[in-house]
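Undergrad: Protein chains in written order, with the numbering used here: chain A, 16 to 268; chain B, 92 to 595. Dropping a structure here in structure tokens format, bear with me for questions.
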Amino acid sequence: MADTMGHSATATRNTSVAIGFCLLAIAPQIFEFIWSIGTIFGWGAGRGPATVLISHATALVAGAPAALIGAASGDTKKASSDVLLALIYSYPILVVAIVTLFMTIRSAQDYVGGVILMALALFALWASSDLQGMRGFSFGAGTAPRMFGGLLVALSAGIALTGLLTDGPAMAHYAWRGPMFVMAAIVFFALAIRPLGVVVSAFVSFMIAATGSHETRWLEAAIVGACLTLGCAILFPYVLGLPMPMFPRFLVQ
Amino acid sequence: MDIFANLAHGFAVALSPINLLMCLIGALVGTLVGVLPGIGTIATVAMLLPITFGLPPVGALIMLAGIYYGAQYGGSTTSILVNIPGEATSVVTAIDGHQMAKQGRAGPALAIAAIGSFFAGCVATVLIAVLGAPLTKLALAFGPAEYFSLMVLGLIFAVVLAKGSVLKAIAMIVFGLLLSMVGSDIETGASRMAFNIPELADGLGFATVAMGVFGFAEIIRNLDAGAEMNRDLVQQKITGLMPTKKDLKDSAPAILRGTALGSILGILPGGGAVIASFAAYTLEKKLAKNPSRFGRGAIEGVAAPESANNAAAQTSFIPLLTLGIPPNAVMALMVGAMTIHGIVPGPQVMQKQPDLVWGMIASMWIGNLMLIIINLPLVGIWVRLLRVPYRLMFPSIVIFCAIGIYSVNNAPVDVILAGVFGLVGYWLIKHDFEPAPLLLGMVLGPLMEENLRRALLISRGDWSVFLTRPLSAVLLAIAAFLLTLTLLPMLRAKRDEVFTESEN
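Pasting the structure below:
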């Protein structure tokens, strides 16, 4: 706990945290939009980008308020999934974002951690909102997820509150190089293992991962990578008998 | 005597050549993993899970068990020689062990750690054999309500002993419970929180999450934690392995206390080797006539935690074998290994699979003996391994993990999921959330939900069933008591002191 700069949070800092939360509030919508761009090229199934954009926008701006008013006046018409997402997930996080603007954050580590965890819990609540609840005294599929989701919302709100009420560490520093290259290596491996086989994907992934550290010496890394690839290519398919493609498909055929 | 007949049977199984070989491989791999900082036991067991597919079930479990207790041994070597804990369980060993090494007493420190571990391993082996049968009988008196309460107790226990904020630890458990619910519902088959992704229909693989949160996250963290870890390796040659008479006299009571404490903490769900070693060190410091010696090379500070972590590593098999409840993340992976081989852990395992249970118990003793014999002469080799720089080690671990996860289901999606959980784990570390309770929640989640639903179904929706059944009420009362104790501010301050003093 070396740096305890949490209590000196400035106004500018608060605004950026609030903006971050606003983005968080519509993160699932943005994600679905980016995902839907793929459908133009025929990858994956689902709604097209235009439909996604319009549907979420109307849900956020019009559908959800209408549903709120409807619920208040006793109208129990079933809301669509997009409207529910806006209601259950986006609105509460947006409220938190607005509240953030007027608060002094004394421990950013706890406050931001608590709010993001709350977002996860709300998202889980939305994801299980289409499941059946209690049937008499027997649990439905959705009872337990909703129970624990609700509990997590409460707990994470508590954590966020601690971040407001007690002094604590500020946000830790995030490095980008290590996570990025390690993730890139993992994703490359996952995408390449089927078409390219163990030999190519393991070696290339090794080199990508090695880029994650600025101390890497290239020749040394290449030699170790080659040895490791050879070792894995012998160990997994032959010694352990696990079925795995060895070489790129186009070379084998 | 039943126990002796059973143990004799166990030794007959464990002494077969193939099982001896498996035990040796497990112990060696475990030591290797323990020695190398940066790969944890959990990630290794997860990584090697697919390797055991082709083995007979007894051999597979013997090997996995060997990795677990072997790692407790290996961790101490790194702690003493390099002042970096090779394993989380050896964090406290580094405090006094490395000081001893600096004073030129690395040999006795290593020897005492090995002797302590061996003694603890022997006691724990006997304990499993003795307690196994009666606890199995107790398990038969357990209904769903009792199971649920026991798991609540275990989770609370994990919270109480976790370091840092209680609120955060509980939140992590609940987060783990939520993650465990992804996939098909056990009773209705409805798809829950799977977003129509076919790979999620079966739920999140425990090995996948464990590898992400403990394997990848650890690597990413190490990369930005000041690049190359500062390794002040003890360079001088290690001479005189044998401890003096005074060393032995000093450490004998510490080994006894450490073993006792470790055995108890290991049995309780939510406990485990990490907690045991911390608790044993604290106990020794409290009991010592001259506490200021600790931190300056007190041999008790090596003997007690090393005995405790080994004892706990082994006794944590007791709840798994008798009640079918995995008390920690490694045991949860063992459940996975058992299920792969068609064995459902629980009270019936002892009767139905005597070969497996007693063979594994006997193999633990043999494994401990092997460790003490191979470890001390091999210290030189382990030290040389430590000179492998991290910049070469981490990409190798990444690739090995990736191939390991891929081969579990032959599913590329699993690899990506593990990567995502690596980022989640990195985020957790940055916000001071502990990943261990999360994994425990994920492990116990399905069991808890099933028993909760069953208990309420039997009681026709009456929640008071958990309090009217005596056994369940007692368990919940203990849990409530523990939680109140933790939340009391005075004790909290003390608890923080216990855990923070060993972290600097």
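Even glycine gets a Cβ: it sits at the ideal position worked out from N, Cα and C.
Roughly how many angstroms separate the alpha carbons of A:GLY78 and A:ASP97, rounded to a whole number?
TA: Roughly 9 angstroms separates the two Cα atoms.
Undergrad: Hey, would you say B:GLN444 sits closer than 8 angstroms to B:THR216, going by beta carbons?
TA: Contact: no.
Undergrad: I need the straight-line Cα distance from B:GLY212 to B:PRO418, nearest angstrom please.
TA: Answer to the nearest angstrom: the Cα atoms are 18 angstroms apart.
Undergrad: For B:GLY349, tell me which candidate among B:ILE158, B:ALA402, B:PHE266, B:ASP93 has the shortest Cα-Cα distance.
TA: Residue B:ALA402 is the option with its Cα nearest to B:GLY349.
Undergrad: Please list, in chain order, the residues of the segment 224-236 of chain A that have any C-beta partner in chain B closer than 8 angstroms.
TA: Of all residues in the segment 224-236 of chain A, ALA224, ALA225, GLY227, SER228, HIS229, GLU230, THR231, ARG232, GLU235, ALA236 have a Cβ within less than 8 angstroms of some Cβ in chain B.
Undergrad: Answer with yes or no whether the minimum CB distance from B:GLU391 to chain A is below 8 angstroms.
TA: Chain A, which has no Cβ nearer than 8 angstroms to the Cβ of B:GLU391, makes this no.
Undergrad: Which residue marks the beginning of the alpha helix (DSSP H) containing A:PRO184, and which one marks its end?
TA: Neither: A:PRO184 is in no alpha helix (DSSP H) and is coded neither H nor E.
Undergrad: Checking 8 angstroms against the spacing of the C-beta atoms, do B:TYR164 and B:SER107 come in under that value?
TA: Not a contact, by the Cβ cut-off of 8 angstroms.
Undergrad: Could you tell me which residues DSSP puts in a beta bridge with B:SER282?
TA: Answer is B:SER275, bridged to B:SER282.
Undergrad: Is it a yes or a no for the segment 421-437 of chain B touching the segment 139-153 of chain B, going by three-plus beta-carbon pairs under 8 angstroms?
TA: Verdict: yes, contact present.
Undergrad: Go to A:PHE251, then tell me how far its alpha helix (DSSP H) extends in each direction, as first and last residue.
TA: A:PHE251 -> no alpha helix (DSSP H), and no H or E assigned at all.
Undergrad: Got a sec: does the ligand SAH put a non-hydrogen atom nearer than 7 angstroms to the Cβ of B:CYS114?
TA: This structure does not include the ligand SAH; it has no bound ligands of any sort.
Undergrad: Taking the continuous alpha helix (DSSP H) assigned at A:TYR189, which residues delimit it?
TA: Here A:TYR189 belongs to no alpha helix (DSSP H), and DSSP marks it neither H nor E.
Undergrad: Quick check: what's the CA-CA separation for A:VAL219 versus A:ALA200?
TA: Distance between the alpha carbons of A:VAL219 and A:ALA200: 8 angstroms.
Undergrad: Using the beta-carbon of each residue, which ones in chain B are nearer than 7 angstroms to A:ALA187?
TA: The answer, in chain order, is LYS521.
Undergrad: In chain B, which residues lie with their C-beta within 8 angstroms of the C-beta of A:PHE163?
TA: Simply VAL265, LEU268, LEU269, MET272.
Undergrad: I want to see whether chain B comes within less than 8 angstroms of A:PHE262, judged by CB atoms only; does it?
TA: By this cut-off, A:PHE262 is not an interface position.
Undergrad: State the start and end residues of the unbroken alpha helix (DSSP H) segment that holds B:THR143.
TA: First-last for B:THR143: undefined, no H or E at that position.
Undergrad: Considering only the alpha carbon of each residue, which of B:SER454, B:ILE520, B:PRO199 lies closest to B:LYS336?
TA: For B:LYS336, the nearest C-alpha among the options comes from B:PRO199.
Undergrad: Alpha helix (DSSP H) containing B:LYS380: first to last residue?
TA: That residue, B:LYS380, is in no alpha helix (DSSP H); it is neither H nor E in DSSP.
Undergrad: Go through its chain and collect everything with a Cβ distance to B:LEU231's Cβ below 7 angstroms, but skip five positions before and after it.
TA: Correct list, in chain order: PRO438.
Undergrad: Measure from the C-beta of B:THR575 to each C-beta in chain A and report whether the shortest distance is under 8 angstroms.
TA: False, the Cβ-Cβ gap to chain A never drops below 8 angstroms.
Undergrad: Got a sec: is the Cβ-Cβ distance from B:ASN97 to anything in chain A below 8 angstroms?
TA: Judged by the 8 angstroms Cβ criterion, B:ASN97 is not in contact with chain A.
Undergrad: Under a CB-based cut-off of 8 angstroms, is B:GLU319 close to chain A?
TA: Because B:GLU319 sits at a pLDDT of 48, beneath the cut-off of 50, its placement in the model cannot be relied upon, and the point is left open.
Undergrad: Run the CB neighbour count on B:ASN400, radius 10 Å, all protein chains shown included, and call it buried at 16 or more, exposed below.
TA: Buried is the call here.
Undergrad: Whose Cβ in chain A lies nearer than 7 angstroms to the Cβ of B:ASP315?
TA: Chain A residues near B:ASP315: ALA190, GLY193.
Undergrad: Determine the extent of the alpha helix (DSSP H) in which B:SER596 is found, giving its start and end residues.
TA: What the structure shows of chain B is the stretch from 92 to 595, and residue 596 of chain B is not part of that stretch, so it cannot be assessed.
Undergrad: Out of A:LEU137, A:VAL76, A:ALA175, A:LEU102, state which residue places its alpha-carbon closest to the alpha-carbon of A:THR119.
TA: Among A:LEU137, A:VAL76, A:ALA175, A:LEU102, the Cα nearest to that of A:THR119 is on A:ALA175.
Undergrad: Is the Cβ-Cβ distance between B:GLY458 and B:GLY117 less than 8 angstroms?
TA: Yes, the pair counts as a contact, with Cβ atoms nearer than the cut-off.
Undergrad: Under 7 angstroms Cβ to Cβ from B:ILE311, same chain only, skipping five residues before and after it: list those, please.
TA: Excluding sequence neighbours, B:ILE311 sits near GLY513, TYR517.
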